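Since the structure comes first, as structure tokens, the remarks are kept for the end.
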Amino acid sequence: MQKRLLVSELKVGMYIILPSSWLSHDFIKSQFKIDSPELLQKVQYQKLKHVTVDYEKSDRFESAISDEPTVEELAYISHNDTVKDPKHESAPEGWSSRSVVPEELIAAIEDKKLSPDKKSAAVYSHSIEMMEHLLESPTAENINASKQAISSITDLILSDDKTADSLLRITAHDFYTYTHSVNVGVTGLMLSKALFKNSDAHDLHELGAGFFLHDLGKVKVDPDVLNKPARLTESEMRHVRIHPYQGYKILNDANALSEECRLIIMQHHEFVDGTGYPRKLKDNEIHIYGKICGIADVFDALTAERSYKKAMSTFDALTLMKEKMITHFDKELFGSFVRLF
Ligand SMILES: [Fe+2]
Ligand SMILES: [Fe+2]
């Protein structure tokens, strides 16, 4: 089994495969086992962000050998993803003058000649780029700039059914919070479109921003915990559970989003059976927007790959949600969610 990891996730005993070009690193061999802390440090000192780990040639790690996670653990998997590489914490030089929104994103949204498949691929990849930048630097200015771009993505999803359907199908699944944010943004918006398209009572632009930004609070979680390539311990899980409130607070301080949509961030891990967090809310104590985001969040966690579990297909994820987790969700909303696929 091979996995692509951030260099900050590497450990002594791992067998790594570096990019073949010598220009990107100082090693003569491009494949070797990290056999000492000094060698680990040397690898992490290179200008590489990711490397591939071959677990079959590595010492045994919990991440490579653990059993399948339990259903309860699956419900929490979306916590254990990566916000950013701690080695790249400071903003790149000249960053402040760059917009958090790639120009290519707006160009792709506005390009009337692109086919739905090409358009969705471009919008998807540049949205991920935007979320990556935003999570690296979640200032009020960047939050508001990305909110405007999310508003344009929302218009696209509402007005162009073919591109919207294609967007729903191309979602990639890796370890990163920014990919997860875009996936939950797209699926949350698609469910909201199905539910609310004939109603004036819901501002789908605000809602879309809530879904895309639902995990913003992860920037306040210790990267070593988020980047841990294995299941979290109970105390690490407790630490990760601060992220709904931290995200709510960041958006409140930035004066971004209506209070109703800030609830998405606060409530996206609450379950209708009262087993969620942070408040163990039940049924109608959870806002419908929080319930929608919760369904999209669990679905993306199940269909994503982690170092300790394989990705599930859409069908398998929906079946597991129905058979093993249905008490967590509002049944009617879940039914509408299934009909999207
Ligand atoms: Fe979350
Ligand atoms: Fe999430």
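Note that the sequence shown covers residues 140 to 480 in my numbering. Cβ atoms here follow ideal geometry from the backbone N, Cα and C, with glycine treated the same way. Just so you know, these numbers come straight off a predicted model, no measurement behind them.
- So does the region 172-188 actually touch the region 143-163, counting three or more Cβ pairs closer than 8 Å? Counting C-beta pairs closer than 8 Å gives three or more between the region 172-188 and the region 143-163, which meets the contact rule.
- Return the residue from the list L355, K336, E195 and F468 that minimises the CA-CA distance to T414. Position 275 of the sequence shown, counted from the first residue, corresponds to residue 414. Looking at the Cα atoms, F468 is the closest of the given residues.
- Is the distance from the Cβ of L157 to the Cβ of S169 below 8 Å? On the sequence shown, position 18 is the one that residue 157 refers to. On the sequence shown, position 30 is the one that residue 169 refers to. Result yes, Cβ atoms of L157 and S169 sit closer than 8 Å.
- Query: So, is G474 buried or exposed, given that buried needs 16 or more other C-beta atoms within 10 angstroms?
  - Reply: The sequence position of residue 474 within the sequence shown is 335, counting from 1. Classification for G474: exposed.
- Query: Would you call the CB atoms of A443 and H319 closer than 8 Å?
  - Reply: Within the sequence shown, numbered from 1, the residue matching residue 443 stands at position 304. Within the sequence shown, numbered from 1, the residue matching residue 319 stands at position 180. For A443 and H319, yes; Cβs fall inside 8 Å.
- How should D454 be labelled, buried or exposed, when 16 other C-beta atoms within 10 angstroms of its C-beta is the threshold for buried? The residue you call residue 454 lines up with position 315 of the sequence shown. One detail in the question is off: residue 454 reads as Phe in this sequence, not Asp. Classification of F454: exposed, given that the 10 Å Cβ count is below 16.
- Checking contacts by CB at 8 Å: is D339 closer than that to chain B? Note that chain B does not occur in the displayed structure, where there is just one protein chain.
- Alpha carbon to alpha carbon, how far is A333 from I292? Give it in angstroms, no decimals. Sequence index remark: in the sequence shown, residue 292 carries index 153 (1-based). Sequence index remark: in the sequence shown, residue 333 carries index 194 (1-based). Approximately 16 Å between the Cα atoms of the pair.
- Item | Residue range of the unbroken beta strand (DSSP E) whose run includes V192 | Here residue 192 refers to the residue found at position 53 when the sequence shown is read from its first residue. Segment H189 to D193, the beta strand (DSSP E) holding V192.
- Option nearest V358 by Cα separation, candidates Q183, E275 and L371: Position 219 of the sequence shown, counting from 1, holds the residue named residue 358. Of Q183, E275 and L371, the residue nearest in Cα terms is E275.
- Query: Three-state secondary structure (DSSP) at K448?
  - Reply: For the purposes of this step, residue 448 is taken as the residue at position 309 of the sequence shown. Reduced to three states, the DSSP call for K448 is strand.
- Message: Please state the DSSP three-state secondary structure of D304.
- Response: For the purposes of this step, residue 304 is taken as residue 165 along the sequence shown, with counting starting at 1. D304: helix per DSSP, three-state reduction.
- Query: Can you list, in chain order, the residues of its chain whose CB lies under 7 Å from that of A284, leaving out five sequence neighbours each side?
  - Reply: Counting from one through the sequence shown, the residue named residue 284 turns up at place 145. Counting only Cβ-Cβ distances below 7 Å, and skipping sequence neighbours, we find S238, V239 and V240.
- Quick one: is the Cβ of H353 within less than 7 Å of any heavy atom of ligand 2? Here residue 353 refers to the residue found at position 214 of the sequence shown. Yes; taking the cut-off as 7 Å, the Cβ of H353 has a heavy atom of ligand 2 nearer than that.
- Task: Just mark Y317 as buried or exposed, buried being the case when its beta carbon has 16 or more other beta carbons within 10 Å.
- Result: Counted from its first residue, the sequence shown places residue 317 at position 178. Answer is buried; the Cβ neighbour count reaches 16.
- Message: Suppose contacts are defined by Cβ-Cβ distances below 8 Å. Is M269 in contact with A288 by that definition?
- Response: As a position in the sequence shown, residue 269 is number 130, starting the count at 1. As a position in the sequence shown, residue 288 is number 149, starting the count at 1. Their beta carbons are under 8 Å apart, which means M269 touches A288 by this criterion.
- Query: Name the DSSP beta bridge partners of D299, please?
  - Reply: The sequence position of residue 299 within the sequence shown is 160, counting from 1. Note: D299 sits in no beta bridge, so no partner.
- So I248 is in the alpha helix (DSSP H); what residue range does that whole segment cover? As a working mapping, residue 248 is identified with position 109 in the sequence shown. Counted as a single uninterrupted DSSP element, the alpha helix (DSSP H) harbouring I248 occupies residues E242 to E249.
- Spatially closest choice to L355 from P277, Y184 and C400, by CA coordinates: Position 216 of the sequence shown holds residue 355. Comparing Cα positions, the closest option is P277.
- Message: Using C-beta distances below 6 Å, list every residue in its chain close to L420, excluding the 5 sequence neighbours before and after it, in chain order.
- Response: For the purposes of this step, residue 420 is taken as residue 281 along the sequence shown, with counting starting at 1. E409, listed in sequence order.
- Query: Among residues of its own chain, excluding the 5 on either side of L390, which ones have a beta-carbon nearer than 8 Å to its beta-carbon?
  - Reply: Within the sequence shown, the letter at position 251 stands for residue 390. So the qualifying residues of the chain are I282, L352, L355, L396, R401 and I404.
- Message: Just checking H467 against ligand 1 - is the residue's beta carbon closer than 7 Å to any of the ligand's heavy atoms?
- Response: Position 328 of the sequence shown holds residue 467. No, the Cβ of H467 stays beyond 7 Å of every heavy atom of ligand 1.
- Query: Would you say H341 touches ligand 1, meaning its beta carbon is less than 7 Å from a heavy atom?
  - Reply: Numbered from 1 along the sequence shown, position 202 holds the residue referred to as residue 341. No, since every heavy atom of ligand 1 falls outside the 7 Å radius drawn around the Cβ of H341.
- First and last residue of the uninterrupted alpha helix (DSSP H) at K332: Translated into positions along the sequence shown, residue 332 becomes position 193. Start and end: T316 to F335.
- Message: So, under 8 Å CB-CB, F350 and L371 are touching, yes? Tell me the CB distance rounded to an integer number of Å.
- Response: In the sequence shown, residue 350 corresponds to position 211, counting from 1. In the sequence shown, residue 371 corresponds to position 232, counting from 1. Contact doesn't hold; Cβ gap of about 24 Å is too wide.
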